[in-house]
Every structure is written in C-alpha cells, then in structure tokens.
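There are 2 protein chains.
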Amino acid sequence: MKLIVAKFGGTSVETIDRIKSVASRIKNEVNNGYNVIVVVSAMAGETNRLIKLVESLTNDYRTSEYDTVISSGEQVTSGLLAIALNDINIKAKSYQAWQIPITTDDNFSKANIENISKDKVNFELDNEYVIVVPGFQGTYKNRITTLGRGGSDTSAVAIAAAFKAGRCDIYTDVDGVYTADPRVVSNALKLKTITFEEMLELASQGAKVLQTRSVALAMNYNIKLQVLSSFEDKPGTFIIGERQKNMEKTIISGITYTSNEAKITLFNVNDKPGQAAMIFGALADKGINVDMIVQTSTKDGEATDITFTVLQSDLLNAADIIVKLKPEIGYNKMIEDSKVSKVSVVGSGMRTKPGIAKIMFKTLADNNINIQVISTSEIKISVLISSDYTELAVRTLHDEFQLSN
Amino acid sequence: MKLIVAKFGGTSVETIDRIKSVASRIKNEVNNGYNVIVVVSAMAGETNRLIKLVESLTNDYRTSEYDTVISSGEQVTSGLLAIALNDINIKAKSYQAWQIPITTDDNFSKANIENISKDKVNFELDNEYVIVVPGFQGTYKNRITTLGRGGSDTSAVAIAAAFKAGRCDIYTDVDGVYTADPRVVSNALKLKTITFEEMLELASQGAKVLQTRSVALAMNYNIKLQVLSSFEDKPGTFIIGERQKNMEKTIISGITYTSNEAKITLFNVNDKPGQAAMIFGALADKGINVDMIVQTSTKDGEATDITFTVLQSDLLNAADIIVKLKPEIGYNKMIEDSKVSKVSVVGSGMRTKPGIAKIMFKTLADNNINIQVISTSEIKISVLISSDYTELAVRTLHDEFQLSN
Numbered sequence: 103m104k105l106i107v108a109k110f111g112g113t114s115v116e117t118i119d120r121i122k123s124v125a126s127r128i129k130n131e132v133n134n135g136y137n138v139i140v141v142v143s144a145m146a147g148e149t150n151r152l153i154k155l156v157e158s159l160t161n162d163y164r165t166s167e168y169d170t171v172i173s174s175g176e177q178v179t180s181g182l183l184a185i186a187l188n189d190i191n192i193k194a195k196s197y198q199a200w201q202i203p204i205t206t207d208d209n210f211s212k213a214n215i216e217n218i219s220k221d222k223v224n225f226e227l228d229n230e231y232v233i234v235v236p237g238f239q240g241t242y243k244n245r246i247t248t249l250g251r252g253g254s255d256t257s258a259v260a261i262a263a264a265f266k267a268g269r270c271d272i273y274t275d276v277d278g279v280y281t282a283d284p285r286v287v288s289n290a291l292k293l294k295t296i297t298f299e300e301m302l303e304l305a306s307q308g309a310k311v312l313q314t315r316s317v318a319l320a321m322n323y324n325i326k327l328q329v330l331s332s333f334e335d336k337p338g339t340f341i342i343g344e345r346q347k348n349m350e351k352t353i354i355s356g357i358t359y360t361s362n363e364a365k366i367t368l369f370n371v372n373d374k375p376g377q378a379a380m381i382f383g384a385l386a387d388k389g390i391n392v393d394m395i396v397q398t399s400t401k402d403g404e405a406t407d408i409t410f411t412v413l414q415s416d417l418l419n420a421a422d423i424i425v426k427l428k429p430e431i432g433y434n435k436m437i438e439d440s441k442v443s444k445v446s447v448v449g450s451g452m453r454t455k456p457g458i459a460k461i462m463f464k465t466l467a468d469n470n471i472n473i474q475v476i477s478t479s480e481i482k483i484s485v486l487i488s489s490d491y492t493e494l495a496v497r498t499l500h501d502e503f504q505l506s507n
Numbered sequence: 103m104k105l106i107v108a109k110f111g112g113t114s115v116e117t118i119d120r121i122k123s124v125a126s127r128i129k130n131e132v133n134n135g136y137n138v139i140v141v142v143s144a145m146a147g148e149t150n151r152l153i154k155l156v157e158s159l160t161n162d163y164r165t166s167e168y169d170t171v172i173s174s175g176e177q178v179t180s181g182l183l184a185i186a187l188n189d190i191n192i193k194a195k196s197y198q199a200w201q202i203p204i205t206t207d208d209n210f211s212k213a214n215i216e217n218i219s220k221d222k223v224n225f226e227l228d229n230e231y232v233i234v235v236p237g238f239q240g241t242y243k244n245r246i247t248t249l250g251r252g253g254s255d256t257s258a259v260a261i262a263a264a265f266k267a268g269r270c271d272i273y274t275d276v277d278g279v280y281t282a283d284p285r286v287v288s289n290a291l292k293l294k295t296i297t298f299e300e301m302l303e304l305a306s307q308g309a310k311v312l313q314t315r316s317v318a319l320a321m322n323y324n325i326k327l328q329v330l331s332s333f334e335d336k337p338g339t340f341i342i343g344e345r346q347k348n349m350e351k352t353i354i355s356g357i358t359y360t361s362n363e364a365k366i367t368l369f370n371v372n373d374k375p376g377q378a379a380m381i382f383g384a385l386a387d388k389g390i391n392v393d394m395i396v397q398t399s400t401k402d403g404e405a406t407d408i409t410f411t412v413l414q415s416d417l418l419n420a421a422d423i424i425v426k427l428k429p430e431i432g433y434n435k436m437i438e439d440s441k442v443s444k445v446s447v448v449g450s451g452m453r454t455k456p457g458i459a460k461i462m463f464k465t466l467a468d469n470n471i472n473i474q475v476i477s478t479s480e481i482k483i484s485v486l487i488s489s490d491y492t493e494l495a496v497r498t499l500h501d502e503f504q505l506s507n
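Heads up: the protein sequence lines correspond to chains L and F, in order. Residues in the first sequence are numbered consecutively from 103, following the numbering used here. Residues in the second sequence are numbered consecutively from 103, following the numbering used here.
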C-alpha cells in the first residue's frame with residue numbers, strides 16, 4: 103500500500119472543529135487506499151504560551167527541561183487527532199518521538215534528527231492504523247529534545263524520507279507558493295511547481311511557507327513535497343527536484359522581500375588585515391547573524407567603509423558590541439538604519455540566462471529606487487532598499503519579469 | 103543519604119511564583135541533607151482544560167490517546183519545576199513515567215501501578231540530583247497511561263514505597279487533617295497524628311485531603327505520610343500505623359460529612375430471594391456505586407421496604423434502571439431524595455470503647471435530627487440525615503465528643 107505523510111500546522115489544528123476537519127481529510131486519503139502518517143504541530147498559540155511559562159523562570163533554552171515543557175503542545179494535538187480519527191472509524195494511534203523512537207543529537211531546543219526507527223510504526227501501518235506523530239519532537243538518551251521553531255516541517259520530511267513515502271503534503275494556512283506576496287502584488291500567481299533550490303531561497307528570503315531546513319532535507323532525499331491549504335480543497339504547489347524540459351522557460355519563479363533587517367554602516371574603518379574577522383567574529387560570538395556584507399574597495403592602507411545587515415531585533419545588541427570595539431576597529435562614525443527592506447528575485451533558470459541582474463537594477467533605477475547593498479547567489483539576486491519603496495519594487499519587478507503570465 | 107518524597111498538588115503549582123516557592127522549599131530539604139524526589143500535579147485548572155478538549159471529541163476515556171492528552175499537564179509542571187530548581191542552583195531533572203519507567207496495567211485512564219524501576223533514578227540521586235516526577239502518569243507497553251483523578255497522591259506514595267523513602271510529604275492547600283471541617287466547626291482542631299484506618303474512613307467519607315487509594319497504599323507499605331500546607335511553614339498531620347500507648351485516649355479523631363449523595367426508597371418490594379441481588383446487580387452493571395443500604399426486616403413472605411444511597415450525579419440513571427425493573431422487583435412506590443447528608447464519626451479507638459453509637463444517636467435526637475439510614479464499620483459510624491441539619495449535626499457531635507480539647 104502506498105504511504106503518504108501529511109503535516110498540519112498550528113492554525114490547521116487551532117480548534118476542535120479544525121481537528122475534526124483534519125480527521126475527515128485523512129479519512130479521504132485512507133478511503134483512497136493510502137497508508138497515512140500524520141505529523142501535527144501544537145494548537146496555534148500553545149507553544150508561545152508554554153515558552154512564556156519557561157521564560158518567566160529562565161533564559162536558558164538549551165536544556166531537556168525546556169524541551170519537556172515545550173514539546174507537550176504537540177503531544178496534546180497528536181492525542182486529540184487520534185481520538186478524532188477513531189471517532190469517525192479510522193483506526194489511529196499517536197506515537198510520540200520517544201515511542202517510535204526518533205533519536206536526535208543533544209542540541210536541546212534545536213536538535214538534529216539522527217535516526218527514525220521503523221519497526222513499530224511499520225507494524226501499525228501493516229495493521230492499517232493511521233499514525234499520528236507530534237512534530238518538533240525527538241529523544242536523546244531517554245531525554246526529550248525538540249527541533250527548534252518550525253521543526254514540525256522537518257519532522258514531516260524526515261519521516262517521509264525514513265518511510266519512503268510517495269508524497270509529503272504540508273498543509274498550512276496558505277494554498278501554495280506564489281510568484282510574490284499576494285497582499286502586495288494583486289496579480290501574483292500560484293506556482294504549480296517550484297524547485298527545491300528556488301524554494302530554499304524563497305524560504306530564507308522571507309516566504310514563510312516552509313522552514314528552510316525542511317526544504318534542504320527534502321532536497322537531499324528527493325521527497326515529493328506539496329504545500330497546500332488545509333482550509334480549501336484544491337491542489338497546492340509541488341516542490342520538485344529539477345524542472346522538466348518543457349518548463350525551462352521559467353527563468354524567474356518569484357519576487358520576495360523581508361522587512362525585518364537593519365543596516366549598520368561603519369565609516370573610515372582602519373584598513374588592516376583581520377578587521378572584518380574581528381567585527382563579524384564578535385557579532386557571531388553573541389549569536390548575532392549577519393546577512394549582507396559590503397566593503398568599499400580601497401587602495402592599500404586607506405580607510406574603508408563597511409556596511410552589513412542584521413535582524414532588527416539584534417540591532418541594539420550589535421551596535422553595542424561595535425561601540426565597545428571602537429578602539430580596535432578605529433572607525434570614525436557609525437550609522438544605523440532599520441528602515442530598510444531586502445527584495446529578492448529568485449529563479450533557477452537564472453543560472454543559464456544571464457542579464458537578470460541588469461534587468462532588475464534597471465527596473466529599480468527607472469523607478470528612482472536607490473540600491474544600498476547587493477548580494478547574489480547562483481539562483482537569487484537580493485538588494486537592500488529603503489523600506490518606503492518595498493511594495494513598489496516588488497510590484498514593478500513582478501511586472502517586468504512577466505510573472506502573471 | 104536519607105530520601106524524602108514530596109508531593110505538590112495543583113494549587114501548590116498554580117502559578118510561576120508558586121512553582122518558585124516550591125523550589126525554595128525543596129532547596130531547604132536539600133540543604134538539610136536530604137535526597138528528594140518531588141511529585142507534581144498539573145497546574146490547577148490545566149487537567150480540566152485538557153479533559154474538556156477530549157470531551158468535545160469523545161466520551162471514551164478508556165484509551166491511551168486520552169491519557170496522552172491528559173498527562174501532558176503534569177509533564178509541563180515537572181519541566182518547569184526542574185527549571186526553577188536549576189535556576190536556584192539545585193541540580194534537578196524531570197523524569198516522566200516512561201523515562202523511569204513506572205509501569206502499570208492497561209486500564210487506561212485509571213491504571214494501577216505494577217512496577218517502578220529504580221536504576222536510573224538511583225543513579226541520578228547518587229549524583230545528588232533532585233528528581234521531579236509528574237504524578238498521575240504511568241506507561242504500559244510503550245503507551246502512556248494515567249492513574250485516574252487524584253492519582254498524583256498514589257504516584258507519590260508508590261514512589262516512596264519503591265525507593266524506601268524515610269518520609270512522604272503531601273503538600274496541599276490545607277495545613278493538615280482536622281477533627282471536623284473548619285468552615286463548619288470554628289473550634290475544630292488540627293490533628294498531630296491520625297491512623298491510616300481513620301484516614302481511610304475520613305477520605306472515603308468526604309475529607310478531601312488525600313485520595314483514598316493512596317492512603318491504602320501507604321498503609322500496606324507502612325509509609326510515613328505527612329499532610330501539610332505548601333503555603334505556610336509549619337508541621338502538618340502525620341498519618342501513622344498504630345497509635346502509641348499514651349495516645350489511646352483518643353477515641354474519636356474526627357467528624358466528617360458528605361452532601362453529594364441521594365437516597366432512593368422502594369416501598370412494598372416483593373420479599374423473595376434474589377431481589378437485592380437483582381436491584382444492586384443492575385446498578386453495578388451500569389457502574390453506579392451504592393453506598394448505604396437498609397432493608398426493613400420482614401416476616402417471611404411479606405413485602406419489605408428497601409432504602410439505599412447513590413451519588414447525586416447517578417440519581418437519574420439509577421431511578422431509570424429501577425423503573426425499568428419494576429415488573430421484576432414488584433415495588434409499588436419509589437421516592438427519591440437528594441436533600442440528604444451523611445455525617446460520620448471516625449476513630450480507631452471506637453473498637454475498644456463501646457457506646458459511641460449510643461452517644462451519637464442521643465446527641466442527634468436531642469437536637470431533633472431524624473436519622474434516616476445508619477451504616478457502621480469497625481472504626482466509623484455514619485448516619486444519613488436531612489441536609490438542612492448537616493452543620494448542626496457536625497457541630498454538636500464535635501462538641502459532644504470534646505474534640506476541641
């Protein structure tokens with residue numbers, strides 16, 4: 103019998119009625135002849151409630167005790183969904199990570215899956231049970247671990263890989279991946295397919311449909327992944343390995359943006375070896391991720407300007423660290439700017455079709471949008487612009503690359 | 103090192119502040135040189151919230167899925183208390199039932215403990231960890247079980263027995279066991295000691311300090327049990343095996359009452375063998391517990407009246423069953439009365455001091471309180487009276503037996 107893995111996010115199991123609706127969706131799959139492993143998140147809001155309880159006691163997330171508390175939200179949903187399924191005569195059992203077991207390393211609160219045992223679950227599947235697995239959970243040497251925020255997507259993909267599922271459906275509150283945010287670009291189109299690499303760039307560039315890590319995992323194991331809505335009954339977006347021949351024409355798959363970054367510029371930094379290592383090493387030591395970095399080219403021995411971006415939530419800490427390092431860095435002025443957005447053009451076709459960057463930069467220039475920082479990958483070009491122009495940039499780029507056709 | 107088990111009920115861990123206060127209490131025990139295993143309930147209100155979720159899906163409590171959902175409340179508290187302890191530099195680890203493991207039979211939602219493994223917990227205790235165990239939980243063949251409402255007391259006593267603890271402290275929202283309900287009898291006294299048997303009678307007669315089952319277990323294993331307040335810092339009531347010689351004078355240890363019973367009387371029941379078995383068998387088959395039973399003595403072959411009590415919550419069901427059996431029973435009239443209370447005098451000294459019943463009945467008669475039903479055990483006399491006279495009966499009996507001295 104063919105196996106599918108279906109994962110439901112927090113809003114999809116937010117209420118008892120929604121859990122019942124998930125159950126009837128699973129019943130359809132069973133009636134269509136599928137074996138099903140369901141992966142569930144905590145009911146929306148529950149994980150935040152639990153984190154708040156822990157945070158009123160400690161700031162230390164890296165313990166099994168943290169994970170013991172936080173993982174209980176998914177445990178509850180898994181039991182409730184199993185009950186809802188049995189209630190409509192679909193045999194179902196919940197399996198917590200320790201019951202399967204799903205073993206991880208000991209990075210509590212952001213553990214990595216190491217192994218998923220198959221015997222017990224396969225035995226139940228052979229007896230036509232639907233298995234309900236709480237996402238986000240793992241176990242390390244008899245302790246409870248969790249996989250980090252959004253880890254339920256990773257659970258689903260890892261389970262799909264371990265049990266060689268024919269498909270992994272990620273049900274969420276949007277109905278697929280769009281060429282741009284439909285709230286910004288009214289004629290944005292839902293993509294029927296998108297490649298793993300494109301999805302990776304979209305995810306890391308702010309399209310909050312799938313956790314980056316789960317996409318990377320699906321790519322490694324070549325899992326047939328589908329993102330679809332749990333509220334509507336229609337196909338979503340399939341995430342695929344490579345575009346088929348007749349689809350080569352798709353050069354750009356989407357325009358995306360993030361507004362949660364802030365820019366720091368240091369003027370007249372002493373130009374000597376090791377400056378960048380010192381600055382970004384100090385930030386990394388405090389757990390601050392730096393995204394884009396630009397350094398003006400200089401002649402040997404002259405001062406240089408360094409610009410970089412961090413998350414807005416890290417801006418104060420980052421500035422603080424830089425100020426303390428001023429004697430060593432030797433800059434004469436620091437400017438912070440949190441009114442910035444990063445706009446990205448993503449498409450695996452970019453690789454074979456040069457000139458995308460030129461079109462992007464010209465389109466922005468034609469609209470008087472100043473580019474502050476540029477960063478590129480093989481299948482993505484990102485620019486930092488003033489946040490005033492975010493919507494304008496996304497819309498005109500969407501038009502220019504004819505993504506509504 | 104001497105081991106104590108300390109159990110904290112739902113109100114004792116209701117808020118983060120109270121959890122912190124529990125942690126500092128445990129810290130004192132550790133600083134006094136004790137090894138400690140803490141048993142915790144769910145935060146007050148949490149178990150009811152979880153039960154409500156399940157009840158909106160099913161009425162079937164006898165599944166592991168029910169237990170998976172319901173047991174999560176204790177899991178959360180155990181993690182939070184371990185965090186709170188570590189935060190004040192007391193090494194602590196939570197251990198869920200499956201991690202220890204505490205194995206039970208497969209009576210899901212009201213399982214019985216079969217075995218408690220000691221190796222893992224002893225290893226941690228040897229390394230001076232405080233172990234925090236969620237009460238109420240068990241495990242059966244890789245599934246989650248729970249011990250039934252109030253099962254955390256049972257968990258605590260069973261753990262105290264398994265690890266041969268020197269003492270088992272049950273922290274709750276009252277500061278001990280009283281000679282009568284202090285809300286009814288203003289000069290009720292807190293007992294320094296009470297015997298297991300007395301406590302058993304008190305618990306089953308409505309003194310809601312300890313779950314009956316946990317008292318029976320403590321009696322079997324002769325656990326030194328103490329009931330005390332988690333909000334005040336003073337000794338509670340010790341529950342002991344046998345009274346010491348110099349305490350023999352304590353004949354009566356307390357007056358207790360329940361108001362949740364209802365009375366059913368059947369008039370002119372055909373007097374033939376098997377009538378009682380038929381009536382009470384039919385009730386038992388539907389899970390209805392009958393408490394007191396009185397049958398008027400009859401001459402052979404004459405009709406008789408039968409009176410019995412059930413929980414008020416079972417009254418409608420019970421009456422329904424009786425009505426359906428009317429042809430077989432052959433009574434001519436049924437009267438139901440839920441305005442009744444059961445008042446009991448409890449004391450192990452009763453055994454060796456006859457005449458207690460006489461004093462009790464005379465006291466009630468002197469106050470014009472009519473006795474409807476009487477039931478007795480070796481150390482207890484219970485009477486059913488109109489609920490209008492509950493407080494009066496408790497107060498005058500408390501005075502008559504001089505329990506304030």
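From the three backbone atoms N, C-alpha and C, an ideal C-beta is built for every residue, glycine too.
Asked	Found
Check whether threonine 281 of chain F and glycine 356 of chain F have beta carbons under 8 Å apart	yes
Beta carbon of isoleucine 185 of chain F nearer than 8 Å to that of valine 156 of chain L	yes
8 Å Cβ cutoff met for glycine 449 of chain F and isoleucine 481 of chain F	yes
Where the beta strand (DSSP E) through tyrosine 242 of chain F begins and ends	239–242
Chain-ordered neighbours of tyrosine 168 of chain L on chain F, where CB pairs are closer than 8 Å	Gly181 and Ile185
Methionine 394 of chain F versus serine 219 of chain F: straight-line alpha-carbon distance, rounded	40 Å
Whole-angstrom C-beta distance between isoleucine 487 of chain L and alanine 495 of chain L, which should lie under 8 Å	6 Å
Interface partners of isoleucine 353 of chain L on chain F, CB under 8 Å	Those within 8 Å of isoleucine 353 of chain L in chain F number zero; the least Cβ separation is about 49 Å.
According to DSSP, residues forming a beta bridge with valine 107 of chain L	L:Ile139 and L:Cys270
Short CB-CB distance (under 8 Å) between asparagine 244 of chain F and chain L	yes
Cβ-based contacts, 7 Å cut-off: residues of the stretch 189–210 of chain F near chain L	Asp189, Ser196, Trp200 and Gln201
8 Å contact criterion, which methionine 436 of chain F and leucine 368 of chain F should meet: CB distance rounded	5 Å
CB contact below 8 Å: glutamate 350 of chain F versus chain L	At glutamate 350 of chain F, the pLDDT of 48 sits below 50, so the modelled position is not reliable and the matter cannot be decided from this model.
Cβ neighbour criterion (16 or more within 10 Å) applied to serine 415 of chain L	exposed
Residue-level contact to chain A via CB, threonine 247 of chain L, 8 Å cutoff	Any reference to chain A falls outside this structure, whose protein chains are L and F.
Exposed unless 16 or more other CB atoms sit within 10 angstroms - verdict on threonine 409 of chain F	buried
Within chain F, partners of isoleucine 118 of chain L - CB distance below 7 Å	Leu155, Ser158 and Leu159
Minimum Cβ-Cβ distance from glutamine 177 of chain L to chain F less than 8 Å	yes
Methionine 349 of chain F burial status per 10 Å Cβ neighbour count (16 or more: buried)	A caution first: methionine 349 of chain F carries a pLDDT of 49, below 50, which makes its placement in the model unreliable, though a value can still be read off. By the neighbour-count rule (16 or more Cβ atoms within 10 Å), methionine 349 of chain F is not buried but exposed.
Three-state secondary structure (DSSP) of proline 429 of chain F	helix
Nearest candidate by alpha-carbon position, reference glycine 175 of chain L, set L:Lys193, L:Ile153 and L:Asn161	L:Ile153
Interface residues of chain F facing serine 288 of chain L [CB-CB closer than 9 Å]	Simply none; closest approach about 39 Å.
Segment contact, 8 Å Cβ cut-off, at least three pairs: the stretch 251–271 of chain L with the stretch 134–145 of chain L	yes
Identity of the residue in L:Arg497, L:Thr165, L:Phe503 and L:Glu502 nearest serine 288 of chain L by Cα	L:Arg497
First and last residue of the uninterrupted beta strand (DSSP E) at tyrosine 359 of chain F	356–360
Three-way DSSP call (helix, strand, coil) for arginine 151 of chain F in this model	helix
As assigned by DSSP and simplified to three states, the class of aspartate 393 of chain L	strand
Residues from the stretch 127–150 of chain L in contact with chain F, defined by Cβ distance under 7 Å	none
Paired residues, beta bridge with alanine 263 of chain L - DSSP	Bridge partners of alanine 263 of chain L: none, in fact.
Any C-beta of chain F under 8 Å from that of valine 279 of chain L	no
Proximity below 8 Å, CB of serine 211 of chain F to CB of aspartate 169 of chain F	yes
Option in L:Glu303, L:Asp189 and L:Ile458 with minimal Cα separation from methionine 321 of chain L	L:Glu303
DSSP three-state assignment for serine 316 of chain L, whether helix, strand or coil	helix
For proline 203 of chain F and glutamine 499 of chain F, the rounded distance between their alpha carbons	With the sequence shown as reference, residue 499 of chain F is identified as leucine, and glutamine is not the correct amino acid for it. Cα to Cα, leucine 499 of chain F sits roughly 47 Å from proline 203 of chain F.
Beta-carbon gap between alanine 108 of chain L and tyrosine 273 of chain L smaller than 8 Å	yes
Member of L:Ile473, L:Ile366 and L:Lys374 whose CA lies at the smallest distance from the CA of valine 425 of chain L	L:Ile366
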